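Protein chains in written order, with the numbering used here: chain U, 22 to 193; chain Y, 67 to 221.
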């Protein structure tokens, strides 16, 4: 792991934390619990396309821990993790298969996040009826997934270009 | 050019867009279309029956009707840790507190045919923010207290 990679991953982790905070400030629909913009996914998809799923998982984990300890609690950390694990696995598989561009990948990631959280919620209350919220959550996942996919595609492309221009294999 | 001048042009345009896109973009478009269809089907199944029922004979004031729906026989089922604690008919105003074995509580209010969690000491307060539930299938959940309230059609 070279210095550039450490710096870039640190920067994107910081970005993910900030996006997580901003997301908390913007209530989308309070009547639908768990409906969020999914902004941190912007940083996660960017890392996924710059590096591999390992780095994306690390950034996602750091983001959830920091946001959780700052603004949440142990419960919200575990709940976030459950969504993030499903979302990351799906995105990693899709990226490896290379059948979609960033829009498709982030879409599936967003909806996977909802699915994972609903599954955990259903286990916690031992009732599948929480799936009532899946349809509205799917709408937000679709809309924000497309926007975040477009943006992270652009960001990843430009960061790769910048890395090439300034010499990729810098040692220090 | 007399009948529908736009159609062939628009079709040709769409076709040319389709051909300049690479495979991944096409796949993504197909994925979006599929997800939209799934969402549309889900929304229809979930929302059409009750919206249709609500608009039957509503006349002009549709909003008032959905707010204070006729709650004929509808009950709110309160389930905690997998056990059904009680079934509250929505036409009786109630104010009660459900204790969790580990010490937490949810204050539940039934008023004007709607049920809500008025107050709770869970860390996230999602249950309180969810607001009112009154239509069949609606759910209020408090995950930290393993509590779920759902509206069911009574007997």
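For each residue, glycine too, the CB sits at the ideal point set by N, CA and C. Fair warning: this is a prediction, and the values are worked out from it, not measured in the lab.
Distance between residue 104(U) and residue 55(U), taken at the CA atoms: about 11 Å. A check of alpha carbon separations from residue 181(Y) across 153(Y), 82(Y), 94(Y), 96(Y) identifies 153(Y) as the nearest.
Counting only residues of its own chain and dropping the five nearest sequence neighbours on each side, residue 101(U) has a CB closer than 8 Å to the CB of 85, 88, 89, 93. Against residue 184(Y), chain U offers no close residue; the least beta-carbon distance is about 15 Å (beta-carbon pairs closer than 9 Å).
Taken through DSSP and simplified to helix, strand or coil, residue 180(Y) comes out as strand. Taking every protein chain shown into account, the CB of residue 111(Y) has fewer than 16 other CB atoms within 10 angstroms, so this residue is exposed. With a threshold of 8 Å between beta carbons, residue 150(U) makes contact with chain Y. Annotation note: the segment 32 to 84 of chain U contains the following uninterrupted alpha helix (DSSP H) runs of length 4 or greater, listed N- to C-terminal: 61 to 71.
Look at residue 193(Y) here: in three-state DSSP terms it is helix.
For residue 146(U), the enclosing alpha helix (DSSP H) starts and ends at 123 to 146. Of the candidates 156(Y), 175(Y), 76(Y), 160(Y), the residue whose Cα lies closest to the Cα of residue 219(Y) is 156(Y). Excluding its 5 nearest sequence neighbours in each direction, residue 80(U) has C-beta neighbours in its own chain below 7 Å: 30, 33, 34, 37, 64, 65, 68, listed in chain order. Following the DSSP letters along the chain, one finds residue 155(Y) inside the beta strand (DSSP E) bounded by residues 149 to 155. A distance below 8 Å between beta-carbons, with the five flanking residues on each side excluded, links residue 97(U) to the following residues of its chain, in chain order: 89. Bounds of any beta strand (DSSP E) do not take in residue 150(U), whose DSSP letter is neither H nor E. Counted as a single uninterrupted DSSP element, the beta strand (DSSP E) harbouring residue 162(Y) occupies residues 160 to 165. Rounded to whole angstroms, the separation of the alpha carbons of residue 131(U) and residue 179(U) is 23 Å. Straight through space, the alpha carbons of residue 74(Y) and residue 44(U) are spaced by roughly 44 Å. As computed with DSSP, residue 171(Y) is found in a beta bridge with 165(Y). In the DSSP assignment, the residues bridged to residue 207(Y) are 214(Y). Near chain Y, meaning a CB-to-CB distance below 8 Å, the residues of the segment 135 to 148 of chain U are 142, 145, 146, 147, 148. For residue 185(Y), the three-state secondary structure derived from DSSP is strand. At least 8 Å separates the CB of residue 160(Y) from every CB of chain U. Per DSSP, the beta-bridge partners of residue 144(Y) are 152(Y), 215(Y). In this structure, the straight-line span from the alpha carbon of residue 114(U) to that of residue 87(Y) is close to 23 Å. Measuring C-alpha to C-alpha distances from residue 110(U) to each of 147(U), 57(U), 76(U) identifies 76(U) as the nearest. Approximately 20 Å separates the beta-carbon atoms of residue 175(Y) and residue 146(U); this is outside 8 Å, ruling out the contact. Taking 8 Å as the CB threshold, residue 98(Y) lines the interface with chain U. For residue 117(U) against residue 126(U), the beta-carbon gap comes to about 10 Å, at or over 8 Å, which does not count as contact.
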